[in-house]
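Peer 1: Dropping the structure in here first, questions after.
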Amino acid sequence: MICCAECFKDLEIKASIESLGHKGACPLCGAEEVWIYDSESDSDFGNSDFEELLISIIEIYKPEDELTDDFPDNAKKDIEEHIKNDWNIFNLDLCEIRIIIENIIATSKDLDEQILMQKVGIPNLYDETFLEQNSILGKYQWDDFRKYLRNENRFHTRYINLEILAEVLQDTVSVVPKGTKLYRARVAKDEKGYNFGEMGAPPADIASAGRANSKRVSCLYLAKFRLFTYSIYK
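Take 18 as the starting number for the sequence shown in our numbering and just add one per residue.
So, in structure tokens, the structure goes:
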């Protein structure tokens with residue numbers, strides 16, 4: 018089986034194929050002179066985690082025989098349909114996606130071939146205990162979380178697993194070195210603008226709602242880059 022980086026939308030998968038370092042024609046998407054993965058020569062190549070990336074997705078799904086009786090029928094689909102709709106990593110139609118999945122399963126020692134013969138689903142999505150322990154939103158849905166923030170309590174929600182969120186946020190931490198210049202912007206009411214003393218956080222009684230604050234909660238927003246905008250005042 019041969020596929021190429023252009024068969025995928027996911028940047029990590031594309032990079033894993035490019036890391037193999039050879040180009041050719043892709044019989045799946047029809048692209049010419051592109052970075053390719055050839056299962057006959059690359060599955061044991063050792064310099065790409067292409068197969069491992071796809072296996073980590075496929076193994077989440079279980080065949081219908083292993084799903085509980087109360088598992089929703091509308092959540093059972095063919096494996097290629099599930100992966101296309103759930104992950105949005107392919108630039109291919111269902112039939113081409115299935116070819117890739119069939120090859121991955123055929124060369125894997127751990128994946129169950131029944132995944133190709135039966136409808137599949139993700140049992141953990143309907144396991145409240147698993148969700149409470151492993152999902153940022155616990156057993157709740159995004160719409161529940163959004164409604165609670167909007168209508169009940171913006172800063173102290175019971176709809177979120179703070180321990181798991183903290184683990185995820187560790188990957189987004191950005192350290193600003195001491196001495197870094199930061200900039201504050203305000204929309205000026207006339208061409209004179211504001212003096213230095215007027216460029217701090219707004220007083221609480223006039224603060225408008227922002228990304229990190231509610232209305233009348235003072236918060237200072239700063240940026241690393243200075244942007245210039247010009248307006249004509251009459």
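Even glycine gets a Cβ: it sits at the ideal position worked out from N, Cα and C.
Computed from a predicted structure; not experimentally measured.
How big is the Cα-Cα spacing for glycine 63 and lysine 195?
Peer 2: Unreliable positioning characterises glycine 63 in this predicted model, as indicated by a pLDDT of 49, which lies under 50. The coordinate reading is nonetheless provided below. Answer to the nearest angstrom: the Cα atoms are 42 angstroms apart.
Peer 1: From the DSSP output, which residues share a beta bridge with tryptophan 52?
Peer 2: According to DSSP, which records beta bridges pairwise, tryptophan 52 is partnered with Lys40.
Peer 1: May I have the straight-line CA-CA distance separating asparagine 170 from isoleucine 116, to the nearest angstrom?
Peer 2: In a straight line, the C-alpha of asparagine 170 is about 48 angstroms away from that of isoleucine 116.
Peer 1: Give the range of the beta strand (DSSP E) segment to which cysteine 46 is assigned.
Peer 2: Unbroken run through cysteine 46: none, as it is neither H nor E.
Peer 1: Please classify isoleucine 53 as buried or exposed, where buried requires at least 16 neighbouring CB atoms within 10 angstroms.
Peer 2: Flag for isoleucine 53 reads buried.
Peer 1: Closer than 6 angstroms by C-beta to glutamate 149: which residues in its own chain qualify, once you throw out the five before and the five after it? Chain order, please.
Peer 2: Same-chain partners within the cutoff: Gly155 and Lys156.
Peer 1: Considering only residues of the same chain and omitting the five flanking positions on each side of isoleucine 30, which have a CB-CB separation below 7 angstroms?
Peer 2: The answer, listed in chain order, is Phe67, Leu70 and Ile106.
Peer 1: Return helix, strand or coil for phenylalanine 88, following the three-state DSSP convention.
Peer 2: Reduced to three states, the DSSP call for phenylalanine 88 is coil.
Peer 1: Are the Cβ atoms of lysine 252 and leucine 111 separated by less than 8 angstroms?
Peer 2: Because the chain is modelled from 18 through 251, residue 252 falls outside the range shown and cannot be assessed.
Peer 1: Need the endpoints of the alpha helix (DSSP H) that cysteine 112 sits in, please.
Peer 2: Start and end: 111–124.
Peer 1: Within the chosen definition, does the stretch 118–138 reach the stretch 82–97 through at least 3 CB pairs nearer than 8 angstroms?
Peer 2: A contact exists between the stretch 118–138 and the stretch 82–97.
Peer 1: Taking the alpha carbon of glutamate 113 as the reference point, which residue from Ala218, Thr146 and Met18 has its own alpha carbon closest?
Peer 2: Comparing Cα positions, the closest option is Met18.
Peer 1: If I measure Cβ to Cβ from phenylalanine 242 and keep anything under 6 angstroms in the same chain, skipping five residues before and after, which residues do I get?
Peer 2: Excluding residues within five positions, none has a Cβ falling inside 6 angstroms.
Peer 1: Bridge partners of lysine 79, per DSSP?
Peer 2: Beta-bridge pairing links lysine 79 to Gly138.
Peer 1: Could you tell me the boundaries of the beta strand (DSSP E) in which isoleucine 19 lies?
Peer 2: That run of the beta strand (DSSP E) goes 19–21.
Peer 1: Going by CA-CA distance only, name the one from Leu182, Ala48, His173 and Arg201 that's closest to serine 231.
Peer 2: If we check each option's Cα against that of serine 231, His173 comes out closest.
Peer 1: Which term fits serine 33, buried or exposed, when burial requires 16 or more other beta carbons within 10 angstroms of its beta carbon?
Peer 2: It is buried - the Cβ of serine 33 has at least 16 other Cβ atoms within 10 Å.
Peer 1: Buried or exposed for alanine 48, going by 16 or more other Cβ atoms inside 10 Å?
Peer 2: Label assigned to alanine 48: buried.
Peer 1: Return helix, strand or coil for leucine 240, following the three-state DSSP convention.
Peer 2: In the sequence on display, residue 240 carries alanine and not leucine. Three-state result, alanine 240: strand.
Peer 1: According to the neighbour-count rule (16 or more other Cβ atoms, all chains shown, within 10 Å of its Cβ), is tyrosine 176 buried or exposed?
Peer 2: Burial call: buried.
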